[in-house]
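Notes follow once the structure below has been shown.
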Amino acid sequence: MIPFDWEAAIGGSGPYMRGAGAALGAVLVLVTVAGCSSVTDRGDAAAAVAVRMLTAAAERDAAAACALLGPDTLGELEQFADKPCAEAILAENLPQPGRVSASEVYGQRAQVRLSGDTVFLAVFPGGWRVVAAGCTARGEKPYDCVLQGG
């Protein structure tokens with residue numbers, strides 16, 4: 017790690033410049049902390065959508081489950097099953113919703129790991145939507161998912 021010299025960066029070392037450097041440092045700390053809580057909040061929101069979709073499917077509430085799918089996932093499900101989502105999603109072998117063990121946000125995408133499942137989500141104008149569910153890891157290969165979009 018290269019040490020950062022605040023005084024050199026702001027162009028001076030007098031008492032006023034030290035105060036400016038301290039103020040700038042405080043602002044950067046606040047922005048960093050706010051950014052971390054934002055990522056945590058977004059991860060929690062993604063996890064909540066993943067659990068809601070799996071719960072809706074498990075409770076056979078097809079309309080609620082379909083409403084939480086991303087558009088490509090919804091379209092691919094309907095095309096593959098040759099049925100509307102409300103019929104097709106109930107035929108999928110989605111796992112029961114488990115306990116959330118981790119949620120990671122990568123920009124506009126998220127991965128939520130639950131006991132027995134991994135769900136992938138993306139942000140759309142209406143918020144987080146499921147783009148793949150019922151996914152299991154296969155080592156170095158891509159996840160194998162029961163439900164996924166193109």
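Numbered as in this note's numbering, the sequence shown ends at 166 without a single skipped number. Note that beta-carbon positions come from the ideal geometry of N, C-alpha and C, so glycine has one too.
Quick one, are the C-beta atoms of residue i and residue j less than 8 angstroms apart?
i	j	result
Q127	F136	yes
I105	A66	no
L130	P113	yes
L110	L70	yes
V162	E108	yes
V139	G59	no
List the residues that DSSP assigns as beta-bridge partners of residue i.
i	result
R154	K157
A149	L163
Label residue i either buried or exposed according to how many other C-beta atoms from any shown protein chain fall within 10 Å of its C-beta, with 16 as the threshold for buried.
i	result
G143	exposed
S117	exposed
G166	exposed
R115	exposed
T134	buried
S119	buried
Q164	buried
A73	buried
A81	buried
A153	exposed
R145	buried
A50	Unreliable positioning characterises A50 in this predicted model, as indicated by a pLDDT of 40, which lies under 50. A coordinate reading is not provided.
Would a check of beta-carbon distances place residue i closer than 8 angstroms to chain C?
i	result
A97	Absent here is chain C; the protein component of the structure consists of one chain.
With a floor of 4 residues, list each alpha helix (DSSP H) that falls wholly inside the region 83–144, ordered by position along the chain.
Within the region 83–144, the complete alpha helix (DSSP H) runs of at least 4 residues are 87–97, 101–107.
Could you tell me whether the region 90–106 touches the region 148–155, using the rule of 3 or more Cβ pairs below 8 angstroms?
Verdict: no, contact absent.
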